[in-house]
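Please read the structure below before turning to the comments.
Number of protein chains: 2
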Amino acid sequence: MRLSKTSEYALRILSFMINSDVEIFSANYLIKTLNVPDKYLRRLMTNLSKKGFVKSVQGRDGGYTFAKNADSIYLSDIIDAVEGIDKYRGCILGFSSCSDDNPCALHNKYASIRDQLITFLSTTTISELKSNEALKF
Amino acid sequence: MRLSKTSEYALRILSFMINSDVEIFSANYLIKTLNVPDKYLRRLMTNLSKKGFVKSVQGRDGGYTFAKNADSIYLSDIIDAVEGIDKYRGCILGFSSCSDDNPCALHNKYASIRDQLITFLSTTTISELKSNEALKF
DNA sequence: TTTAAATGCTACACGCAAGTGGTATTTAAT
DNA sequence: ATTAAATACCACTTGCGTGTAGCATTTAAA
Chain A
1 MRLSKTSEYA
11 LRILSFMINS
21 DVEIFSANYL
31 IKTLNVPDKY
41 LRRLMTNLSK
51 KGFVKSVQGR
61 DGGYTFAKNA
71 DSIYLSDIID
81 AVEGIDKYRG
91 CILGFSSCSD
101 DNPCALHNKY
111 ASIRDQLITF
121 LSTTTISELK
131 SNEALKF
Chain B
1 MRLSKTSEYA
11 LRILSFMINS
21 DVEIFSANYL
31 IKTLNVPDKY
41 LRRLMTNLSK
51 KGFVKSVQGR
61 DGGYTFAKNA
71 DSIYLSDIID
81 AVEGIDKYRG
91 CILGFSSCSD
101 DNPCALHNKY
111 ASIRDQLITF
121 LSTTTISELK
131 SNEALKF
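Quick note, the sequences are listed as chains A and B, same order.
Under this note's numbering, the first residue of the first sequence is numbered 1, with each subsequent residue one higher.
Under this note's numbering, the first residue of the second sequence is numbered 1, with each subsequent residue one higher.
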């Protein structure tokens, strides 16, 4: 799997936010803490806010908070919003006709692993990322 | 998951070759059969030949054959030769310090799936790709 | 109302994977 | 020797994910 850098950033940020009891997170704070490039993070958060995952507060003392309950946000939702998740569903050899009924030579072993990943991503919520461990970069 | 296009091509080609009893495969034949761009396939096969996986025969009636027994070529060998495989080993959130001892919030569930993939790729050989199914593109 | 601290937007730059074009080289058949 | 069928090489182009720069806008506090 190898998520895109952007998905990686997004999940890193949201996982950090859910593990911190700060009420609002400024871009600068996230940038410094999580090692994400300045303008890139801002653009990403603006996108996530347009998609309804976070809420952005403009102006002085502004920043980002969750827009909805983190236990209703699945990892796959974020990945799909940020880079699209369908590409993770395809045949490892790129055969468009490959399926359970018409498997390529790698399908049987590969599909099971791939499906575990998809299932993991689409059943795990952001709030399940609460952890005792302090993640520092 | 989500190999590079180049790895995908490489595995597609080798898996086709092992499933066919042709003695030598011309670039043109592979290109037409497997839907890989002309010059791109040639360059790829030249690389695989320099790495010792296939043998290229120049001149009239030339083409490509396996340079060594396909049961000594692991999928991970090809992927590593073509795009490098280390990137598939990293933390899903990009934390370089993430490990079993110092896990990120996703590590425990993710690492197991990722390791299954790595294990699959590094224990499966090209000759195991022999299949009854005719793979056509 | 001015200032400072924040996000939003648009356009551009960079790097690398993917793909293309043209020519050179090799080799078997005639 | 000549020709035709094949691979090899080199440089260029394209597309896209990633990253950067500058200015505009919003808003709370003084």
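The C-beta atom is built at its ideal place from N, Cα and C for all residues, glycine as well.
Burial state of Gly84/B is exposed, judged by a 10 Å Cβ sphere holding fewer than 16 other Cβ atoms. Taking Val54/B as the centre and dropping the five residues before and after it, the same chain places the C-beta of Met45, Leu48, Tyr64, Thr65, Phe66, Ala67 closer than 7 Å to its C-beta, in chain order. With 16 or more other CB atoms across the displayed protein chains lying within 10 angstroms of its CB, Pro103/A is buried. The residue from Leu117/B, Leu106/B, Ile24/B with its alpha-carbon nearest to that of Asp61/B is Ile24/B. With respect to chain A, the C-beta atom of Arg12/B has a partner C-beta closer than 8 Å. Within chain B, the residues Ala105 have their CB atoms less than 7 Å from the CB of Ser131/A, given in chain order. Taking a Cβ-Cβ cut-off of 8 Å, Phe53/A has no neighbours in chain B, whose nearest Cβ is about 17 Å from it.
Using a Cβ-Cβ cut-off of 8 Å, Gly94/B counts as an interface residue toward chain A, since at least one Cβ of chain A sits closer than that to its own. Taking Arg43/A as reference, the option from Glu128/A, Lys32/A, Ser56/A with the minimal CA-CA separation is Ser56/A. Annotation: Lys55/B is outside any alpha helix (DSSP H); the continuous beta strand (DSSP E) that includes it extends over 54-57. Scanning Tyr74/A, Gln58/A, Ser7/A, Ala10/A for the CA closest to the CA of Leu121/A turns up Tyr74/A. Restricted to the stretch 23-102 of chain A, the beta strand (DSSP E) segments that are unbroken, complete and at least 3 residues in length are 54-57, 63-66, listed in chain order.
Of all alpha-carbon atoms in Val22/B, Ser4/B, Glu128/B, the one lying nearest the alpha-carbon of Ser72/B is that of Glu128/B. In the same chain as Lys130/A, and ignoring 5 residues on each side of it, the C-beta atoms closer than 7 Å to its own belong to Ile18, Asn19, in chain order. The beta carbon of Leu34/A lies closer than 7 Å to those of Arg12, Ile13, Phe16, Phe137 in the same chain, with the five residues before and after it left out. For Leu117/B and Gly59/A, the gap between their C-alpha atoms comes out near 46 Å.
Ile113/A is not a Cβ neighbour of Leu3/B, given a cutoff of 8 Å. Residues of the stretch 43-69 of chain A with a C-beta atom less than 8 Å from some C-beta of chain B do not occur. Bounds of any alpha helix (DSSP H) do not take in Ala105/B, whose DSSP letter is neither H nor E. Proximity of Lys32/B to chain A, defined by a Cβ-Cβ separation below 8 Å, is not satisfied.
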